[in-house]
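Novice:
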Amino acid sequence: MYLCSVISIANLSVQFGGTYLFDEISFLVNPRDRIGLVGKNGAGKSTLLKILSGEQPSDGGEVAMPSGSKIGYLPQEMHHADGCTVMEEAKKAFAELAKLEIDTEYINEQLTIRTDYESDEYTELIHRLHEVTERYQLLDGYNVDSVTEQVLLGLGFTREDFDRQTVEFSGGWRMRVELAKILLQKPDVLLLDEPTNHLDIESIQWLEDFLGSYPGAIILVSHDRAFLDNITNRTIEISVGKIFDYKANYSKYVILRTERRSTQEAAAKNQQKYIEKTEILIDKYRAKANKASFAQSLIKKLDKLDIVEVDEEDNASIRFSFPPAPHSGKVIVRAEKLGKSYGEKMILENVDFVLERGDRIGFVGKNGAGKTTLSKIVVGETDHTGKLVQGHQVKLGYFAQNQTETLNGELTVLQTIDDVATGDARKNIRGLLGSFLFSGDTVEKKVKVLSGGEKNRLAMCKLLLTPYNFLVLDEPTNHLDMRSKDMLKQALLKFDGTLIVVSHDRDFLQGLTTKVFEFPGGNIRQHYGDIYDFLAAKKIANLSELNRKNTLQAQQKDAAKQNVQPKAKDESLEIKKQQDKATKQLDNEIKKQEEHIATLEALVKTMDEIMTDPERFKEASKNEPAIFEKYQKLQNELTTAMEAWEKLVVEKEVV
32 MYLCSVISIA NLSVQFGGTY LFDEISFLVN PRDRIGLVGK NGAGKSTLLK ILSGEQPSDG
92 GEVAMPSGSK IGYLPQEMHH ADGCTVMEEA KKAFAELAKL EIDTEYINEQ LTIRTDYESD
152 EYTELIHRLH EVTERYQLLD GYNVDSVTEQ VLLGLGFTRE DFDRQTVEFS GGWRMRVELA
212 KILLQKPDVL LLDEPTNHLD IESIQWLEDF LGSYPGAIIL VSHDRAFLDN ITNRTIEISV
272 GKIFDYKANY SKYVILRTER RSTQEAAAKN QQKYIEKTEI LIDKYRAKAN KASFAQSLIK
332 KLDKLDIVEV DEEDNASIRF SFPPAPHSGK VIVRAEKLGK SYGEKMILEN VDFVLERGDR
392 IGFVGKNGAG KTTLSKIVVG ETDHTGKLVQ GHQVKLGYFA QNQTETLNGE LTVLQTIDDV
452 ATGDARKNIR GLLGSFLFSG DTVEKKVKVL SGGEKNRLAM CKLLLTPYNF LVLDEPTNHL
512 DMRSKDMLKQ ALLKFDGTLI VVSHDRDFLQ GLTTKVFEFP GGNIRQHYGD IYDFLAAKKI
572 ANLSELNRKN TLQAQQKDAA KQNVQPKAKD ESLEIKKQQD KATKQLDNEI KKQEEHIATL
632 EALVKTMDEI MTDPERFKEA SKNEPAIFEK YQKLQNELTT AMEAWEKLVV EKEVV
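Count along the sequence shown from 1, then add 31; that gives the number in the numbering used here.
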């Protein structure tokens, strides 16, 4: 039962070391809100979720919610309890149902052993059993197993995993169990702090569908732009102690924020001109006796004037580029019959591929399918069967998924870089750290006190100390804020070497890679294009398979009903002729549609570049006031064209 009420945040303040994270911020959370909390690393997003969940007090203000409200909170970091299987741990979400089952068992036992059938106590037991049973049915207690299965499967577990102890799983998989428990509890408000950090693309898409129909309110922190766009209908930005509330998803918020600041700047500029002109008039007439009253009226007008304020904005973001890639041979890596197993569990088997100079590969697939394992094989960090040959003059740089864990927590930021820098790089250590937002006293911070995003930036900074022509990056965007992630993507787009990226972030991968290696289980399947080309092709493949299966079943049923006899030879030839004609027509239509899609994609890409560049966007807005509507129209046209193309391809499959 979801509450038809709101959470009220009034004049909330939090400070650390004399600096305010929030300074008397206020907003309401409505029952069906899907709020994305955004802001740079350290802005206070996670702190705000902790306060709303009751895990951390504020320094002032109030958080009020109706009595009986249920809050479900998924933190970034958590402590896990051992001693249960995956299924047992997930079913802890149903604490009330578990108590009702105990009550039912006790009541039934009492009704069996007692013989005082006419007593008030016996009658009360019967009434109590009826109440408990009714409540159990109301909470859908008889479907607990199937509902729990559905959520665990959606989050990537297999049925074989259900009876395994949670201690056998990595921290990322145990986070999924905690997420499952929260979703199964169906709280009135979901507070999710980076829920996609340890999810693969398929699990993220399942979570998007689940949250899309969730009846309660959702407040989430995520640096996955596509996830935010698909889930949220409201964006609250935390910046320099204030919040800015937009009734829009992330992409539209970025545009509205730019428009809002442009409007404020224009209004402030016009107001300043008015003030300057008025002050000139005051100075001119103040000394004249017959104009003194006029001058005083102008002064009063200025005193009453509401000064237009331009929202303060924290524009700090990392700014860097990778050193030019040294020349290498044409072949970067050649793999033949690669294999890897852990004990009896086979992860990879008979994997063959060749990477050539300039290839840009995205590794995608379910967690545990072998993406990180293959990355480690390629960089020489784990043993394997089969043959792996590195090409001529290949200089390899590796960013591991646990790269931040390899940093020495007792060293300062400056020492971390100073200890590994050599040659000319030593001369510009502070400048390099500054480009990663480490300046002033922050370079003397010990690594162990840094946030996850700061550690990630420091690890990425280390990668720039040596010129590489082959980069292997395993989840490089974890914990990075939007701006830092965008800057990393821009740097990688300009990198002129060979690239492998393991990531579940669709927006980050879009346009960054030219091939996708899918890990369907034990091997790899290569796809040309970027992540959205791959997802579209996969969706069509699934639709085609389903359509073919349904068509075959329908034909079999018709044949069984009508007892159809084999067709004559000439009839078969005629059917074949008609099928060939239909296929040819479909091929022509598909080709036209693909050309149309390519044109639209090019236009959308151009618009994307304009809209993510404040200067270009500002200039374009002058010439095209309805630029956002134009952008939305292009995106809608592209979606419609893709859907039409999918239908044509599916139709061709079943001709």
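We treat Cβ as the ideally placed atom computed from N, Cα and C, and that holds for glycine.
1. I'd like the list of long-range same chain contacts for V208, defined as Cβ closer than 7 Å, with 5 residues on each side in sequence excluded.
2. Between the Cα of A400 and the Cα atoms of V175, L379, L183, E412, which residue gives the shortest distance?
3. Based on Cα-Cα distance, which residue from I363, K212, W204 lies nearest to Y104?
4. Should V420 be labelled buried (16 or more other beta-carbon atoms within 10 Å of its own) or exposed?
5. In whole angstroms, what is the alpha-carbon distance linking I40 and N264?
6. On a Cα-Cα basis, can you pick out the residue from K661, S652, K615, E650 that is closest to L631?
7. Check the C-beta distance from L221 over to V175 and give it rounded, since I have them as a contact under 8 Å.
8. For D64, which three-state DSSP category applies?
9. So, with DSSP's three-state summary, where would you put S372?
10. Do L530 and I621 come within 8 Å of each other at the CB atom, strictly closer than that value?
11. Once DSSP output is grouped into helix, strand and coil, what is the label at L186?
12. Contact defined as beta carbons within less than 8 Å: I believe D64 pairs with A248. What is the distance between those atoms, to the nearest angstrom?
13. By the three-class DSSP mapping on this structure, what secondary structure does S515 have?
14. Assign D334 to buried or exposed, taking buried as 16 or more other Cβ atoms, counted over all protein chains shown, within 10 Å of its Cβ.
15. By alpha-carbon positions, which one of G70, L464, K397 ends up nearest to L184?
16. Is it the case that the segment 348-362 contacts the segment 511-520, given that we only count it when at least three CB pairs across the two stretches are under 8 Å?
17. According to DSSP, is D414 helix, strand or coil?
18. Among L142, Y559, T443, which has the Cα closest to the Cα of K546?
19. Near W676, what residues of its chain come up, given a Cβ to Cβ distance below 8 Å and the 5 sequence neighbours on each side ignored?
20. Leaving out five residues on either side along the sequence, give the residues of the same chain with a beta carbon under 6 Å from the beta carbon of N581.
21. So Q236 is in the beta strand (DSSP E); what residue range does that whole segment cover?
22. For M206, which residues from the same chain have a beta carbon less than 6 Å from its beta carbon, with the 5 sequence-adjacent residues on both sides left out?
23. Check this for me: beta carbons of E549 and V395, under 8 Å apart or not?
24. Distance check for L59 and Q181, CA to CA, integer angstroms please.
25. What residue does the beta strand (DSSP E) around H558 start on, and which one ends it?
26. Do you know offhand how far T508's Cα is from S534's?
27. Spell out a yes or no on whether the segment 40-57 and the segment 83-96 are touching, meaning 3 or more CB-CB pairs, one atom from each, closer than 8 Å.
28. Beta-carbon within less than 6 Å of H510's beta-carbon, same chain only, minus the 5 sequence neighbours each way: which residues are those?
29. On the three-state DSSP scale, how would you describe Q541?
30. Buried or exposed: R190, going by 16 or more other Cβ atoms within 10 Å of its Cβ?
31. Need the endpoints of the alpha helix (DSSP H) that Q141 sits in, please.
32. Locate the alpha helix (DSSP H) running through K117, then write down its first and last residues.
33. Is it buried or exposed for L215, if we count other Cβ within 10 angstroms and need 16 for buried?
34. Ignoring anything shorter than 3 residues or poking outside the segment 473-499, list the beta strand (DSSP E) runs there in chain order.
35. For T154, does the count of other Cβ atoms within 10 angstroms reach 16, so buried, or fall short, so exposed?
36. Residue range of the beta strand (DSSP E) that R461 falls in?
Specialist: Inspection of the coordinates gives the following:
1. Numbered from 1 along the sequence shown, position 177 holds the residue referred to as residue 208. Excluding residues within five positions, the ones whose Cβ falls inside 7 Å are V117, E120, A121, T197.
2. On the sequence shown, residue 400 is found 369 positions in, with the first residue counted as 1. Nearest option by C-alpha distance: L379.
3. Here the question's residue 104 lines up with position 73 in the sequence shown. Nearest C-alpha to Y104: K212.
4. The residue given as residue 420 occupies position 389 in the sequence shown. Per the 10 Å Cβ criterion, exposed.
5. Locating residue 40 in the sequence shown gives position 9, where the first residue counts as 1. Locating residue 264 in the sequence shown gives position 233, where the first residue counts as 1. Whole-angstrom Cα-Cα distance: 19 Å.
6. Taking the first residue of the sequence shown as position 1, residue 631 is located at position 600. Looking at the Cα atoms, K661 is the closest of the given residues.
7. Residue mapping note: residue 221 aligns to position 190 of the sequence shown, counting from 1. Residue mapping note: residue 175 aligns to position 144 of the sequence shown, counting from 1. Wrong, their Cβ atoms sit about 20 Å apart, outside the cutoff.
8. Counting from one through the sequence shown, the residue named residue 64 turns up at place 33. DSSP places D64 in coil when its eight states are reduced to three.
9. As a first step, residue 372 must be located in the sequence shown, where it is residue number 341. The three-state reading of DSSP puts S372 in strand, counting E and B together.
10. Indexing the sequence shown from 1 puts residue 621 at position 590. Indexing the sequence shown from 1 puts residue 530 at position 499. No; because the gap between Cβ atoms is not below 8 Å, this pair is not in contact.
11. Numbered from its first residue, the sequence shown carries residue 186 at position 155. L186: coil per DSSP, three-state reduction.
12. Locating residue 64 in the sequence shown gives position 33, counting from the first residue. Locating residue 248 in the sequence shown gives position 217, counting from the first residue. The beta carbons of D64 and A248 sit about 5 Å from each other, so the pair counts as a contact at 8 Å.
13. Within the sequence shown, numbered from 1, the residue matching residue 515 stands at position 484. DSSP places S515 in helix when its eight states are reduced to three.
14. Within the sequence shown, residue 334 is the residue found at index 303, counting from 1. Only exposed fits D334, as fewer than 16 other CB atoms lie within 10 angstroms of its CB.
15. Residue numbering aside, residue 184 sits at position 153 when the sequence shown is read from its first letter. When each option's Cα is compared against that of L184, the closest is K397.
16. Three or more Cβ pairs closer than 8 Å define a contact, and the segment 511-520 meets that threshold against the segment 348-362.
17. Translated into the one-based positions of the sequence shown, residue 414 becomes position 383. Here D414 sits in coil by DSSP.
18. Along the sequence shown, one-based indexing puts residue 546 at 515. Comparing Cα positions, the closest option is Y559.
19. Taking the sequence shown and counting its residues from 1, the one referred to as residue 676 is at position 645. For W676, where only same-chain residues beyond five positions count, the Cβ hits under 8 Å are I621, Q624, E625, I628.
20. Along the sequence shown, read from residue 1 onward, the residue named residue 581 stands at position 550. Any reading at N581 is ruled out, since the residue's pLDDT is 46, under 50, leaving its predicted position unreliable.
21. The sequence position of residue 236 within the sequence shown is 205, counting from 1. Under the DSSP assignment, Q236 falls outside any beta strand (DSSP E), being part of the alpha helix (DSSP H) whose first and last residues are 232-243.
22. Here residue 206 refers to the residue found at position 175 when the sequence shown is read from its first residue. Closer than 6 Å at the Cβ level, and outside the excluded window around M206, lie H229.
23. For the purposes of this step, residue 549 is taken as the residue at position 518 of the sequence shown. For the purposes of this step, residue 395 is taken as the residue at position 364 of the sequence shown. Against a cut-off of 8 Å, the Cβ pair of V395 and E549 comes out as a contact.
24. Stepping through the sequence shown from its first residue, residue 181 is reached at position 150. Stepping through the sequence shown from its first residue, residue 59 is reached at position 28. The alpha-carbon of Q181 is positioned some 33 Å away from that of L59.
25. What you label residue 558 is simply residue 527 of the sequence shown in a count that begins at 1. Run containing H558: 556-559, per the beta strand (DSSP E) assignment.
26. Numbered from 1 along the sequence shown, position 477 holds the residue referred to as residue 508. Numbered from 1 along the sequence shown, position 503 holds the residue referred to as residue 534. Going from the Cα of T508 to the Cα of S534 covers about 8 Å.
27. yes
28. Along the sequence shown, one-based indexing puts residue 510 at 479. G483, G484, N487.
29. Position 510 of the sequence shown, counting from 1, holds the residue named residue 541. Here Q541 sits in coil by DSSP.
30. Counting from one through the sequence shown, the residue named residue 190 turns up at place 159. When all chains shown are included, R190 counts as exposed.
31. Reading the sequence shown from its first residue, position 110 is the one you call residue 141. Where Q141 is concerned, the enclosing alpha helix (DSSP H) stretches over 126-144.
32. Against the sequence shown, residue 117 aligns to sequence position 86. Strictly speaking, residue 117 in this sequence is Val, with Lys absent from that position. Looking at the DSSP string, the run of the alpha helix (DSSP H) that includes V117 is 117-121.
33. If you number the sequence shown from 1, residue 215 lands on position 184. Its Cβ being crowded by 16 or more others within 10 Å, L215 is buried.
34. none
35. Position 123 of the sequence shown, counted from the first residue, corresponds to residue 154. With fewer than 16 Cβ atoms within 10 Å of its Cβ, T154 is classed as exposed.
36. Taking the first residue of the sequence shown as position 1, residue 461 is located at position 430. No beta strand (DSSP E) holds R461; the alpha helix (DSSP H) holding it covers 460-466.
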